[in-house]
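Under numbering that gives the first Met the number 0, the first residue of the sequence shown carries the number 0, and numbering increases by one thereafter. Quick reminder that beta carbons are idealized off the backbone N, C-alpha and C, glycines included.
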Amino acid sequence: MRRPLNLRQVEAFKSVIENGTVSRAAETLSISQPAVSKLIAHLEEDTGLKLFDRVKGRLAPTERGMRLYEEIDRIFAGIRQIENAVAVIRREEQGQLLVGVMPALSGAFIQQATMSFLRSYPNVYCAIQTRSSQWIADWLVTRKLDVGLISSRIDNPYIMTEPLMEHPLVCVMPLDHPLAERSVIEPNDLDDVPFLSFDPESSTGQRITSIFESYSVRLNVVLMTTTAPTLCEFVAAGLGVSLVHPLFISGMKGRVAVRRFEPLIPFDFQLCRVRESRNAALVETFLGETRLTAERISRELLSET
0 MRRPLNLRQV EAFKSVIENG TVSRAAETLS ISQPAVSKLI AHLEEDTGLK
50 LFDRVKGRLA PTERGMRLYE EIDRIFAGIR QIENAVAVIR REEQGQLLVG
100 VMPALSGAFI QQATMSFLRS YPNVYCAIQT RSSQWIADWL VTRKLDVGLI
150 SSRIDNPYIM TEPLMEHPLV CVMPLDHPLA ERSVIEPNDL DDVPFLSFDP
200 ESSTGQRITS IFESYSVRLN VVLMTTTAPT LCEFVAAGLG VSLVHPLFIS
250 GMKGRVAVRR FEPLIPFDFQ LCRVRESRNA ALVETFLGET RLTAERISRE
300 LLSET
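In structure tokens form, the structure reads like this:
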């Protein structure tokens with residue numbers, strides 16, 4: 000009658016597979032090499048399976064050994080998921096904050112605002128979801144998010160909004176572009192010039208289209224994209240010019256030329272939250288840190304443009 004398997008045998012077997020040698024497995028498990036070899040031998044005896052071939056003094060897993068390892072690894076992965084769930088539940092007991100952010104703000108901006116928040120609430124479970132403005136708006140309405148950072152306005156009595164980082168759009172172009180010689184760019188300057196545009200359904204795309212139509216200027220759109228980082232990379236590569244919020248070109252100094260655009264096209268983001276939030280104190284602190292981060296970055300942008 001075979002003995003039931005024990006966890007120490009399984010751990011030794013898994014460690015030998017993953018570390019490649021008995022000696023490294025012994026170091027990982029903080030036991031002696033003979034102890035590892037004995038555990039492996041007992042595992043083979045108790046399972047009735049040949050798990051390793053002995054090749055020049057080393058253990059090489061057999062096909063059956065690798066099949067068993069795959070099952071063991073799957074089980075251990077499940078245990079790790081349980082451990083992660085326990086950690087999340089423990090942190091949720093100390094509070095949680097669910098934040099939705101549009102892609103354009105998902106980089107340095109949200110990282111800086113969130114790190115400032117976590118300095119005040121280091122044990123709060125904070126989740127950041129990067130999605131479209133419409134997706135974030137829908138999840139705010141259904142209270143699946145506490146805070147949202149988006150580009151479009153929300154007309155809903157259950158959602159409170161405030162403008163954030165208002166700044167006119169600027170004209171960006173490759174460093175060697177002919178228009179870089181000018182200090183101010185106007186609509187007529189861009190007539191039939193290769194232009195990179197945002198999705199016409201987006202709020203930025205709609206504002207840009209409206210301005211050029213009012214001046215009867217034909218935009219020669221050579222590329223359309225939904226994300227600001229993609230658009231700015233193509234501008235830097237020399238494909239054409241565009242109009243963007245200065246935040247979108249943060250970190251691209253020396254890669255694109257930036258010029259003032261007139262008439263001014265004011266643009267801001269929207270900082271949103273649900274009314275009567277379950278996490279009112281956490282939300283207020285996060286909003287405060289987000290405003291401070293926006294003010295600091297806005298000052299930097301104004302000094303550069």
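DSSP-derived helix/strand/coil call for residue i
i, result
"Lys-55", "coil"
"Lys-252", "strand"
"Arg-217", "coil"
"Gly-204", "helix"
"Arg-313", "It is not possible to answer for residue 313, since the shown part of the chain is limited to 0 through 304."
"Pro-265", "strand"
"Arg-277", "coil"
"Ser-22", "helix"
"Met-101", "coil"
"Pro-199", "coil"
"Leu-189", "helix"
"Ile-296", "helix"
"Leu-270", "strand"
"Leu-96", "strand"
"Pro-3", "coil"
"Leu-50", "coil"
"Thr-226", "coil"
Residue i to residue j span [Cα, whole Å]
i, j, result
"Glu-261", "Leu-246", "18 Å"
"Phe-116", "Ile-81", "28 Å"
"Gly-250", "Ile-264", "22 Å"
"Lys-252", "Cys-170", "14 Å"
"Gly-56", "Leu-144", "58 Å"
"Val-282", "Pro-228", "28 Å"
"Ala-84", "Ala-279", "25 Å"
"Leu-238", "Arg-63", "56 Å"
"Glu-288", "Ala-112", "6 Å"
"Ala-25", "Leu-48", "22 Å"
"Arg-53", "Ile-78", "31 Å"
"Pro-135", "Thr-129", "The question names Pro, yet the displayed sequence has Ile at residue 135. Approximately 9 Å between the Cα atoms of the pair."
Host beta strand (DSSP E) of residue i (start-end)
i, result
"Ser-241", "241-243"
"Gly-237", "Per DSSP, Gly-237 belongs to no beta strand (DSSP E) and is neither H nor E."
Terminal residues of the alpha helix (DSSP H) in which residue i lies
i, result
"Asn-18", "6-18"
"Ile-30", "Ile-30 -> no alpha helix (DSSP H), and no H or E assigned at all."
Proximity winner among the options, relative to residue i (alpha-carbon distances)
i, options, result
"Tyr-68", "Arg-290, Glu-161 and Ala-11", "Ala-11"
"Ser-105", "Asp-137, Gly-147 and Ile-78", "Gly-147"
"Glu-3", "Arg-23, Gly-19, Glu-44 and Ser-14", "For the sequence presented, residue 3 should be read as Pro rather than Glu. With distances taken between Cα atoms, Pro-3 lies closest to Glu-44."
"Ser-202", "Met-101, Val-140, Leu-50 and Glu-299", "Met-101"
"Thr-20", "Glu-275, Val-35, Val-9 and Arg-7", "Val-35"
"Gly-204", "Arg-79, Ser-215 and Val-220", "Val-220"
"Asn-155", "Leu-163, Leu-42, Arg-7 and Arg-142", "Arg-142"
"Arg-118", "Thr-284, Ala-293, Arg-295 and Arg-290", "Thr-284"
"Cys-125", "Ala-107, Ser-132 and Gly-99", "Gly-99"
"Thr-226", "Pro-60, Met-114, Leu-270 and Ile-149", "Ile-149"
"Ser-131", "Ala-293, Thr-27, Glu-232 and Ser-151", "Ser-151"
"Leu-163", "Val-234, Thr-27, Ile-39 and Arg-298", "Arg-298"
"Ile-39", "Ser-29, Val-54, Leu-58 and Ala-103", "Leu-58"
"Leu-178", "Met-159, Val-240, Leu-50 and Glu-161", "Val-240"
"His-51", "Ala-236, Ile-30 and Lys-13", "Correcting the residue type first, residue 51 is Phe in the shown sequence and not His. The shortest Cα separation from Phe-51 among Ala-236, Ile-30 and Lys-13 belongs to Lys-13."
"Arg-306", "Arg-181, Arg-79, Phe-197 and Val-123", "Outside the displayed range of the chain (0 to 304) lies residue 306, so it cannot be described from this structure."
"Arg-272", "Met-159, Ala-293, Glu-232 and Glu-212", "Met-159"
"Glu-275", "Leu-222, Leu-139 and Leu-230", "Leu-139"
"Gln-269", "Ile-153, Glu-26, Ile-71 and Val-216", "Ile-153"
"Thr-46", "Asn-5, Arg-73 and Val-15", "Asn-5"
"Thr-292", "Ala-236, Gln-110 and Ala-235", "Gln-110"
"Pro-173", "Phe-197, Ile-184, Val-234 and Ile-71", "Val-234"
"Leu-42", "Arg-206, Leu-96, Ile-210 and Gln-8", "Gln-8"
Taking the runs of the alpha helix (DSSP H) that are 4 residues or longer, which of them lie wholly in the stretch 105-180?
107-119 and 132-140
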